[in-house]
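Engineer: Numbering of the sequence shown is given in the working numbering, commencing with residue 63 and proceeding in unit increments.
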Amino acid sequence: ICSESFPPEATVAVRAAPSHQSEYLTCFPHGTEIYSTGRFGDFLRFRLAKEGTAEAYVPLMFRGLTLFVPGSLPSRGNVSPSGSEERLAQLEDRVSHQETIIKALQAELSALRAHMSAVATAFGTLASRSS
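In structure tokens, the structure reads:
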């Protein structure tokens, strides 16, 4: 749930991966409750079914403010998956999460390559001037 330090007029960006540079999916207003399925650094992972995305991420903190705090889970009633079904669901969640992390790392690597290319170009220009 939203923390007391989450400003009532603020919104929080929902991302496709646990990175501020990852794809922006939507935003949530103050008061939105999410049911986190994991934490990755300063991001919370959760399911965002309405957008057709299996997983999404929100920052746990922003500019030193804690945005979300633990709340109570909704009751699941008498539904109880069998042990093997539950284990399979856990493994599928892990694979999905690992794929998301890989995509985020690939995006970060691509951005780093672009920066390095710009640096190399700048140094190449300096080197040719000094010759």
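By construction, the Cβ of each residue, glycine as well, lies at the ideal position given by its N, Cα and C atoms.
Within 10 angstroms of the Cβ of A166, are there 16 or more other Cβ atoms? Answer buried if so, exposed if not.
Structural biologist: With 16 or more Cβ atoms within 10 Å of its Cβ, A166 is classed as buried.
Engineer: Once you ignore the five residues that flank T128 on each side, which residues in its own chain have a CB closer than 6 Å to its CB?
Structural biologist: Here the set comprises S65, S67.
Engineer: Mind reading off the beta-carbon distance from R156 to A118? Whole number of angstroms is fine, and I expect it under 8 Å.
Structural biologist: Wrong, their Cβ atoms sit about 17 Å apart, outside the cutoff.
Engineer: Do L122 and L106 have their beta-carbon atoms positioned less than 8 Å apart in this structure?
Structural biologist: Result yes, Cβ atoms of L106 and L122 sit closer than 8 Å.
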